[in-house]
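To start, the structure under review is shown below, and the notes come after it.
Numbering (the working numbering), first residue to last: 1468 to 1699.
Written as structure tokens, this is what we have:
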């Protein structure tokens, strides 16, 4: 379908915001959700307070034209219509970030790996998300390209260097790219700060000493930290 589950919105939006791309390519735009969110939070949360002064370039790829609406024309600077593999193979543009959100399951393993490789060739960073649970799906909303073809797991991304995985109960989220160390550090710091506010509400920002102590304890016990992150 031209959509994906909403259980990954926080994580993916956080990764986009931390990456701060000037140029983004959304592969398989569907309803246009991630293009819209990227446009909103990259343009309106950058401190300029310029509602109509767009500074970021956000392009998309979509193979099924029936999904495209006037909303897409407003969100995206340009939408390439056609097969993603064919478009990427002849694409002359490079991007700071490419989004492959719930798109790989519609490709075979071989073509999916090729799609990732081509995306890496044309981007500085890449965000991948696939559902953990594989469900049989034929065409959806009249789109023959919606067929599910392969069940992706974390091990299938091990061939790519410069990556890290985001814990999520419903999706495999993988960040790949040149900025992986910076984004990974900032993402984990953000998660830790959120957990501190939730589990230690008495600690305020001014009390930096206790925050440093808790961060240190978490760093010393990664397994416990992982269980906390998986909770909820």
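Backbone N, C-alpha and C fix where the C-beta goes; we use that ideal spot for every residue, glycine too.
Assigned exposure category for residue i - 16 Cβ within 10 Å defines buried
{"i": "residue 1590", "result": "buried"}
{"i": "residue 1491", "result": "buried"}
{"i": "residue 1632", "result": "exposed"}
{"i": "residue 1592", "result": "buried"}
{"i": "residue 1641", "result": "buried"}
{"i": "residue 1511", "result": "exposed"}
{"i": "residue 1505", "result": "buried"}
Helix, strand or coil at residue i according to DSSP, with G and I counted as helix
{"i": "residue 1503", "result": "helix"}
{"i": "residue 1697", "result": "Any reading at residue 1697 needs caution, since the residue's pLDDT is 43, under 50, leaving its predicted position unreliable; the model's value is listed next. Correct three-state label for residue 1697: helix."}
{"i": "residue 1524", "result": "strand"}
{"i": "residue 1563", "result": "strand"}
{"i": "residue 1660", "result": "helix"}
{"i": "residue 1640", "result": "strand"}
Proximity below 8 Å, CB of residue i to CB of residue j
{"i": "residue 1576", "j": "residue 1474", "result": "no"}
{"i": "residue 1482", "j": "residue 1594", "result": "yes"}
{"i": "residue 1704", "j": "residue 1617", "result": "This structure cannot settle anything about residue 1704, because the visible part of the chain is limited to 1468 through 1699."}
{"i": "residue 1485", "j": "residue 1645", "result": "no"}
{"i": "residue 1534", "j": "residue 1497", "result": "yes"}
Residue i, enclosing beta strand (DSSP E) - first and last residue
{"i": "residue 1590", "result": "1590 to 1598"}
{"i": "residue 1536", "result": "That residue, residue 1536, is in no beta strand (DSSP E); it is neither H nor E in DSSP."}
For residue j and residue i, believed in contact at Cβ under 8 Å, the rounded distance
{"i": "residue 1499", "j": "residue 1568", "result": "At roughly 12 Å, the Cβ-Cβ gap does not stay under 8 Å, so residue 1499 and residue 1568 are not in contact."}
Residue i - containing alpha helix (DSSP H), residue span
{"i": "residue 1570", "result": "First-last for residue 1570: undefined, no H or E at that position."}
Proximity test, Cβ basis, 8 Å: residue i and chain C
{"i": "residue 1540", "result": "Considering every chain present, this structure includes no chain C. It has just one protein chain."}
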